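Participant:
Number of protein chains: 4
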Amino acid sequence: MPLPREFHEIAERVNNWGRWGDDDEIGTLNLVTDAVVRAAAGTVRSGRRVALALPLHQDGLQTGLVPGRLNPFHTMVQINYEMFGPGTVATSDDTVTMALQAATHWDALTHVSHSGTLYNGRPADTITPHGRSRFSGIDKIPHIVSRGVLLDVARAKGVERLASGHAVTPEDLDEAAEFGGVTVGAGDIVLVRTGQSRLLLAGDKHAYGFPSPGLSVRTPEWFHARDVAAVATDTLPFEIIPPEIDGLWLPVHALHLVEMGMLQGQNWNLENLSTACGEESRYAFLLSAMPEPFVGATGTPVAPVAVL
Amino acid sequence: MPLPREFHEIAERVNNWGRWGDDDEIGTLNLVTDAVVRAAAGTVRSGRRVALALPLHQDGLQTGLVPGRLNPFHTMVQINYEMFGPGTVATSDDTVTMALQAATHWDALTHVSHSGTLYNGRPADTITPHGRSRFSGIDKIPHIVSRGVLLDVARAKGVERLASGHAVTPEDLDEAAEFGGVTVGAGDIVLVRTGQSRLLLAGDKHAYGFPSPGLSVRTPEWFHARDVAAVATDTLPFEIIPPEIDGLWLPVHALHLVEMGMLQGQNWNLENLSTACGEESRYAFLLSAMPEPFVGATGTPVAPVAVL
Amino acid sequence: MPLPREFHEIAERVNNWGRWGDDDEIGTLNLVTDAVVRAAAGTVRSGRRVALALPLHQDGLQTGLVPGRLNPFHTMVQINYEMFGPGTVATSDDTVTMALQAATHWDALTHVSHSGTLYNGRPADTITPHGRSRFSGIDKIPHIVSRGVLLDVARAKGVERLASGHAVTPEDLDEAAEFGGVTVGAGDIVLVRTGQSRLLLAGDKHAYGFPSPGLSVRTPEWFHARDVAAVATDTLPFEIIPPEIDGLWLPVHALHLVEMGMLQGQNWNLENLSTACGEESRYAFLLSAMPEPFVGATGTPVAPVAVL
Amino acid sequence: MPLPREFHEIAERVNNWGRWGDDDEIGTLNLVTDAVVRAAAGTVRSGRRVALALPLHQDGLQTGLVPGRLNPFHTMVQINYEMFGPGTVATSDDTVTMALQAATHWDALTHVSHSGTLYNGRPADTITPHGRSRFSGIDKIPHIVSRGVLLDVARAKGVERLASGHAVTPEDLDEAAEFGGVTVGAGDIVLVRTGQSRLLLAGDKHAYGFPSPGLSVRTPEWFHARDVAAVATDTLPFEIIPPEIDGLWLPVHALHLVEMGMLQGQNWNLENLSTACGEESRYAFLLSAMPEPFVGATGTPVAPVAVL
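Protein chains in written order, with the numbering used here: chain A, 493 to 800; chain B, 493 to 800; chain C, 493 to 800; chain D, 493 to 800.
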């Protein structure tokens with residue numbers, strides 16, 4: 493069963509295949525030029541830093557709904573181990589087992605395929621169990637540093653958090669940009685705040701996960717028109733679920749990752765950033781959100797930081 | 493068997509316990525003020541970014557020498573999985589098991605104890621298998637962004653890499669600072685390049701690991717005198733091994749982590765940064781090296797980025 | 493706070509320390525002699541085999557109540573991988589991460605300590621994170637094959653399963669032995685059926701886990717008097733919880749593992765065995781329940797089989 | 493490139509597809525009837541038990557040659573944890589991450605496919621990353637208990653171990669059967685000893701793994717003619733590598749697992765069994781080698797035991 497015509501029409505309008513060459517593996521991150529980063533550094537005023545990652549622990553946000561989404565399972569392998577004999581300096585070491593998409597993360601471009609195809613027209617079956625993502629694995633992304641822009645949709649609407657069925661529209665994004673006094677431009681990393689993670693931070697991981705507000709299928713064109721480099725939200729599913737077009741699940745994922753070649757961030761904690769931006773009346777900042785270079789991975793935990 | 497008097501004499505001179513209060517859990521990172529970060533952002537000239545993490549994969553740098561240091565073991569749990577039915581948008585997910593100290597990482601302050609004691613005088617036995625690091629776990633570090641300074645000791649000496657038995661001394665650091673035209677100051681994160689990781693990048697992980705050049709037991713006083721916030725190197729052991737004082741293993745670890753409360757970074761890839769700094773004739777830059785917030789962990793993988 | 497006098501009185505009566513030498517690490521499994529095994533093989537009549545392990549999968553019986561009890565997390569690392577070239581024979585491989593006590597398992601003698609002491613008077617602190625169980629780890633048990641006896645307490649009482657607060661008493665064991673026409677003797681492995689796992693098999697893992705019927709603090713003396721080699725049940729906590737003596741948690745664990753040196757089995761599926769024994773009117777059989785030899789481990793998954 | 497004609501000719505002669513019905517998922521284990529097990533129990537004379545599993549630990553036999561073959565990585569998650577308060581009974585728990593094929597194991601029937609096909613003609617693509625082995629996963633095998641027969645090829649030839657390039661032929665098996673005074677029959681589990689694991693037990697894991705003696709491509713017909721239920725060896729590759737027919741890698745795997753539907757065991761420790769059988773002059777015994785029921789897995793660790 494092919495995807496509906498409506499999807500393909502949008503896809504055609506936002507498609508970036510070949511835009512940065514047939515060999516390109518990083519998509520819209522090509523838009524983050526040295527000049528963009530220079531300008532981003534220039535936005536720093538106060539030097540205030542806001543971390544955007546959720547804590548990583550076994551009682552994390554995954555509820556078991558998605559079987560492979562294992563919360564971080566952390567164990568000690570050494571505790572005050574005097575490896576050089578009694579009374580010597582002692583060391584403690586640890587390990588973790590976790591889903592790369594368990595908590596605050598980036599989807600790599602290969603996290604999603606449709607119609608047997610990945611970003612830049614590569615065949616989906618180039619992902620294999622033993623080889624993982626041969627192309628566009630998260631390790632192919634050298635760095636993610638750019639101007640970050642917070643589009644605080646919830647705050648712009650004067651609510652603590654959007655209703656769970658709220659599809660964030662292009663109009664909502666315009667409204668939030670206006671509220672923040674920012675113009676989204678080429679190479680920007682846009683953080684869309686719904687306030688949904690307040691549920692998680694209040695301890696209700698089930699309510700946080702589903703149902704959730706999320707991006708409308710109409711937003712990829714908005715991002716595309718502005719040459720946005722990446723988008724992240726404070727929700728688990730990123731986009732509105734159930735979907736707006738009957739039977740078309742995960743269209744925003746497919747448009748961003750496959751058609752545009754644009755990374756998505758999920759489960760970002762934007763609460764402190766909302767407070768900071770509000771206090772400083774500035775919604776643009778330097779953002780560093782480096783991927784851990786897992787070779788061939790379709791995602792990565794990330795510990796983003798905004799520098800205001 | 494207590495540690496030798498020589499250690500305690502240095503310890504007394506660099507000790508920071510109580511300096512930021514009895515409840516402090518982050519040590520010298522207190523020195524990274526908003527003003528320091530503002531100034532760090534001001535160092536950005538070209539916008540060039542250099543990533544400093546080694547790739548994460550099963551054929552990583554760990555050789556089995558340290559049993560708990562498991563290289564990242566990455567598996568796919570979904571590949572192009574059409575969870576909403578045939579022909580729908582498909583997803584790929586993955587997981588990893590790894591030692592937090594396996595590759596490019598920060599040691600948390602709790603990575604080392606001596607004489608039964610952790611940073612700020614806390615008892616070492618507050619680390620437990622089930623609770624992990626109750627105090628000063630890596631999750632207690634909110635953010636690591638500051639001015640980075642590359643002390644390119646190898647390049648300053650005109651060699652590709654230091655000899656394996658070379659203990660990097662305060663004089664070496666002075667020489668490299670002069671070579672780079674930088675003055676190390678309060679809140680700086682100092683990256684000490686030995687060139688040792690060239691062996692690793694050339695494929696010889698055994699030669700890379702041991703023997704290795706490393707920091708001399710005399711350097712903690714140098715860092716302390718300048719109120720450095722953190723130090724990282726391009727070696728596995730960080731400090732010179734075997735040690736300079738007979739029978740005193742890991743003294744630099746103990747001085748930095750326990751006495752000073754200063755984070756250490758290991759296995760950082762400083763090769764591209766050396767090239768970039770050389771090309772731009774600037775050895776100071778904005779550095780973001782955010783820890784992944786593993787709750788109670790004694791270390792964390794990190795994907796640092798220098799912005800020049 | 494020391495354990496209550498009542499505990500120590502029982503402990504004194506069942507203590508086996510030194511009984512098999514000061515160096516002994518396997519406790520009551522010493523009672524399984526060649527002669528016992530010969531006789532056990534002689535109990536085989538029909539050749540019918542009944543497996544007693546629960547399936548191992550991510551949706552296992554652990555509910556997250558005990559943080560370290562990770563359900564088996566199983567991933568494929570190769571799928572039909574043609575490692576010798578296209579069209580060659582292809583292989584599929586997999587890995588697992590799991591708590592050794594997650595499902596059907598044996599507790600090793602070191603799973604429990606009390607008053608700082610393990611079985612045979614060894615100090616509890618001989619268990620370390622890096623070295624694990626130096627003494628009495630599960631790998632020290634060479635084999636577990638003996639006569640198995642099903643004490644079908646639920647069936648003897650004519651109920652599907654015991655009430656959740658039911659403490660299984662020595663009288664209950666006598667009743668079940670009489671019902672089954674068996675005399676428990678030296679070297680036997682006793683399987684105590686409560687019927688509790690019916691809840692799990694019906695899909696209610698929460699009801700299965702707690703509250704649960706379990707062995708009374710009075711039963712260790714019953715097992716001791718008969719020189720039983722090991723005991724297993726079809727419950728998660730093994731013994732009755734909350735405990736019968738106020739404030740004395742896990743007394744049966746402490747008496748069996750520490751005082752007697754007797755292995756315990758938990759989460760065994762005894763439903764099919766109950767049916768088989770009922771049909772064949774025989775409650776004694778050959779039992780093989782080999783531990784996986786994890787070096788230094790305090791437990792092991794086990795796939796027991798009864799041969800009738 | 494299709495497999496050579498020679499392979500297909502043998503395959504035709506040993507094929508068991510449909511023999512136990514189109515729905516069958518366990519293959520030659522159907523040959524282990526109650527009568528076979530009764531007879532197997534009747535072989536027990538001395539009651540002597542011999543365990544056949546190698547120890548499970550991080551310094552296991554895998555050398556990194558096969559990337560996914562992770563040695564067991566075992567960590568403690570609780571150590572003497574007084575969960576009910578100071579002075580109460582304390583517990584220790586642990587976890588493991590390991591390849592299911594890392595040490596002593598059974599290959600499930602799905603471990604190998606050829607020409608896109610699994611045992612009983614099922615499509616190889618029924619194995620998926622999220623669903624694993626839908627058919628013939630190791631959990632479909634209810635139990636493995638039968639008569640075991642040791643064919644001590646090395647001892648029959650009067651050598652400590654076979655030369656590394658030695659392909660074990662049908663004639664070798666006949667010779668070993670005659671040496672042991674046994675006739676291999678329907679439902680038997682045959683253990684073929686080469687002595688290769690002496691290298692491993694002496695500490696040389698590299699020499700153990702490759703090159704190695706192993707079963708000839710001519711042996712599947714020998715096992716088929718006798719209706720053997722399963723075969724295990726004391727080697728890593730099981731069959732002779734490099735292969736006897738140019739370019740035909742893993743033919744024995746494909747014949748056993750795909751064509752015959754017969755489980756294979758690898759890395760079994762047959763040294764003590766060789767000694768015991770020699771001492772008792774009996775090479776047939778009761779064998780229990782229960783799979784751990786990992787749902788959908790293509791293999792399982794196993795702790796086999798022979799009862800003489």
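All C-beta atoms, glycine included, are put in the ideal place defined by N, C-alpha and C. Owing to the predicted nature of the structure, the values given are computational and were not obtained by experimental measurement.
What is the DSSP secondary structure of H500 of chain A, reduced to helix, strand or coil?
Facilitator: For the purposes of this step, residue 500 of chain A is taken as residue 8 along the first sequence, with counting starting at 1. The answer is helix: DSSP assigns H500 of chain A an H, G or I state.
Participant: Compile a chain-ordered list of the residues in the segment 751–780 of chain A whose CB is closer than 8 Å to at least one CB of chain B.
Facilitator: The residues in question are L778 and S780.
Participant: Can you tell me where the beta strand (DSSP E) holding N572 of chain B begins and where it ends?
Facilitator: In the second sequence, the residue the question calls residue 572 of chain B occupies position 80. Here the beta strand (DSSP E) through N572 of chain B covers F565 to Y573.
Participant: To the nearest angstrom, how far is the alpha carbon of P743 of chain A from that of F499 of chain A?
Facilitator: Walking along the first sequence from the start, residue 743 of chain A turns up at place 251. Walking along the first sequence from the start, residue 499 of chain A turns up at place 7. Taking the straight line joining both Cα atoms gives about 7 Å.
Participant: Can you tell me where the beta strand (DSSP E) holding R639 of chain A begins and where it ends?
Facilitator: On the first sequence, position 147 is the one that residue 639 of chain A refers to. It spans V637 to D644 - the beta strand (DSSP E) in which R639 of chain A sits, taken as one unbroken run.
Participant: Per DSSP, which one or two residues make a beta bridge with Q756 of chain D?
Facilitator: Here the question's residue 756 of chain D lines up with position 264 in the fourth sequence. The partner list for Q756 of chain D (beta bridge, DSSP) reads D:D599 and D:V723.
Participant: Under DSSP, the beta strand (DSSP E) around R690 of chain A begins and ends at which residues?
Facilitator: Within the first sequence, numbered from 1, the residue matching residue 690 of chain A stands at position 198. R690 of chain A -> not in any beta strand (DSSP E); alpha helix (DSSP H) instead, spanning S689 to L693.
Participant: Just mark I737 of chain C as buried or exposed, buried being the case when its beta carbon has 16 or more other beta carbons within 10 Å.
Facilitator: Residue numbering aside, residue 737 of chain C sits at position 245 when the third sequence is read from its first letter. So I737 of chain C ends up on the exposed side.
Participant: Hey, does L692 of chain B have any beta-carbon neighbour from chain D nearer than 7 Å?
Facilitator: By one-based count along the second sequence, residue 692 of chain B stands at place 200. False, the Cβ-Cβ gap to chain D never drops below 7 Å.
Participant: Grab the span of the alpha helix (DSSP H) containing V528 of chain D for me, first residue to last.
Facilitator: Taking the first residue of the fourth sequence as position 1, residue 528 of chain D is located at position 36. D526 to G534 is the span of the alpha helix (DSSP H), which, as asked, contains V528 of chain D.
Participant: Whose Cβ in chain B lies nearer than 8 Å to the Cβ of Y573 of chain D?
Facilitator: Taking the first residue of the fourth sequence as position 1, residue 573 of chain D is located at position 81. Ordered by position in chain B, the residues that pass the 8 Å Cβ test against Y573 of chain D are T620, P621 and H622.
Participant: Is it true that the CB of I630 of chain D sits closer than 7 Å to the CB of V786 of chain D?
Facilitator: Stepping through the fourth sequence from its first residue, residue 786 of chain D is reached at position 294. Stepping through the fourth sequence from its first residue, residue 630 of chain D is reached at position 138. It should be noted that the sequence gives Phe, not Val, for residue 786 of chain D. Contact: yes.
Participant: Excluding the 5 residues preceding and the 5 following E784 of chain A in the sequence, name in chain order all residues of the same chain whose CB lies nearer than 7 Å to its CB.
Facilitator: Counting from one through the first sequence, the residue named residue 784 of chain A turns up at place 292. The residues are T792 and P793.
Participant: Determine, using beta-carbon pairs with one atom in the segment 748–766 of chain A and one in the segment 601–615 of chain A, whether at least three such pairs fall under 8 Å.
Facilitator: Touching, yes, given that three or more Cβ pairs across the two stretches are closer than 8 Å.
Participant: May I ask you to report which of helix, strand or coil DSSP gives T587 of chain B?
Facilitator: Numbered from 1 along the second sequence, position 95 holds the residue referred to as residue 587 of chain B. Note: T587 of chain B maps to strand in three-state DSSP.
Participant: Tell me the rounded alpha-carbon separation between G485 of chain A and S584 of chain D.
Facilitator: With chain A covering only 493 through 800, there is no way to say anything about residue 485 of chain A.
Participant: Would you kindly work out how many angstroms separate the C-alpha atoms of W760 of chain B and R537 of chain B, rounded to a whole number?
Facilitator: In the second sequence, residue 760 of chain B corresponds to position 268, counting from 1. In the second sequence, residue 537 of chain B corresponds to position 45, counting from 1. Cα to Cα, the separation comes out at about 23 Å.
Participant: Would you kindly report the start and end of the unbroken alpha helix (DSSP H) that includes P785 of chain D?
Facilitator: Mapped onto the fourth sequence, residue 785 of chain D falls at position 293. P785 of chain D -> no alpha helix (DSSP H), and no H or E assigned at all.
Participant: If you reduce the DSSP assignment to three classes, tell me which class V682 of chain C lands in.
Facilitator: As a working mapping, residue 682 of chain C is identified with position 190 in the third sequence. Strand at V682 of chain C.
Participant: Would you call the segment 627–646 of chain D and the segment 533–548 of chain C in contact, with 3 or more CB pairs under 8 Å?
Facilitator: Output reads yes: the segment 533–548 of chain C touches the segment 627–646 of chain D.
Participant: Between the Cα of R774 of chain C and the Cα atoms of C:L800, C:A600 and C:M782, which residue gives the shortest distance?
Facilitator: The residue you call residue 774 of chain C lines up with position 282 of the third sequence. Ranking C:L800, C:A600 and C:M782 by Cα distance to R774 of chain C puts C:L800 first.
Participant: List the residues of chain B that P559 of chain D touches, going by C-beta distances under 8 Å, in chain order.
Facilitator: Locating residue 559 of chain D in the fourth sequence gives position 67, counting from the first residue. Neighbours of P559 of chain D on chain B, chain order: Q550 and D551.
Participant: Does R624 of chain B come out as helix, strand or coil in the three-state DSSP assignment?
Facilitator: As a first step, residue 624 of chain B is located in the second sequence; it is residue number 132 there, counting from the start. Note: R624 of chain B maps to strand in three-state DSSP.
Participant: Where does D586 of chain A land, buried or exposed, given buried means 16+ other C-beta within 10 angstroms?
Facilitator: Mapped onto the first sequence, residue 586 of chain A falls at position 94. Buried, because 16 or more other Cβ atoms sit within 10 Å of the Cβ of D586 of chain A.
Participant: Just the Cα atoms here: how many angstroms apart are A616 of chain D and G608 of chain D?
Facilitator: Here residue 616 of chain D is taken as the residue at index 124 of the fourth sequence, counted from 1. Here residue 608 of chain D is taken as the residue at index 116 of the fourth sequence, counted from 1. Their backbone Cα atoms lie some 5 Å apart in a straight line.
Participant: Using a Cβ-Cβ distance cut-off of 7 Å, determine whether H748 of chain A contacts chain B.
Facilitator: If you number the first sequence from 1, residue 748 of chain A lands on position 256. It does not: the Cβ of H748 of chain A has no partner Cβ on chain B nearer than 7 Å.
Participant: Label M575 of chain B either buried or exposed according to how many other C-beta atoms from any shown protein chain fall within 10 Å of its C-beta, with 16 as the threshold for buried.
Facilitator: Here residue 575 of chain B refers to the residue found at position 83 of the second sequence. Classification of M575 of chain B: exposed, given that the 10 Å Cβ count is below 16.
Participant: Excluding sequence positions up to five away, which residues of its chain have a Cβ less than 6 Å from the Cβ of A543 of chain D?
Facilitator: As a working note, residue 543 of chain D is residue 51 in the fourth sequence. Closer than 6 Å at Cβ, skipping near neighbours: V797.
Participant: Can you tell me which of the three DSSP states S704 of chain C falls into?
Facilitator: Numbered from 1 along the third sequence, position 212 holds the residue referred to as residue 704 of chain C. Strand at S704 of chain C.
Participant: Contact criterion: CB-CB distance below 7 Å. Does D680 of chain A meet it with respect to chain B?
Facilitator: Position 188 of the first sequence holds residue 680 of chain A. Not closer than 7 Å to any Cβ of chain B, the Cβ of D680 of chain A fails to qualify, so no.
Participant: Tell me, which residues are paired with H606 of chain B by DSSP?
Facilitator: Position 114 of the second sequence, counted from the first residue, corresponds to residue 606 of chain B. Partner(s): B:T609.
Participant: Between which two residues does the beta strand (DSSP E) harbouring T792 of chain B extend?
Facilitator: The residue given as residue 792 of chain B occupies position 300 in the second sequence. First-last of the beta strand (DSSP E) with T792 of chain B: G791 to P793.
Participant: If we count the other Cβ atoms within 10 Å of its Cβ and call it buried at 16 or more, is E771 of chain A buried or exposed?
Facilitator: For this step, residue 771 of chain A is matched to residue 279 along the first sequence. When all chains shown are included, E771 of chain A counts as exposed.
Participant: According to the neighbour-count rule (16 or more other Cβ atoms, all chains shown, within 10 Å of its Cβ), is T767 of chain D buried or exposed?
Facilitator: Against the fourth sequence, residue 767 of chain D aligns to sequence position 275. With fewer than 16 Cβ atoms within 10 Å of its Cβ, T767 of chain D is classed as exposed.
Participant: So is A722 of chain C buried or exposed if we call it buried at 16+ other beta carbons inside 10 Å?
Facilitator: The residue you call residue 722 of chain C lines up with position 230 of the third sequence. Classification for A722 of chain C: buried.
Participant: If I follow the unbroken alpha helix (DSSP H) through F481 of chain B, where does it start and stop?
Facilitator: An answer regarding residue 481 of chain B cannot be provided, because it is not within the stretch 493 to 800 covered by chain B.
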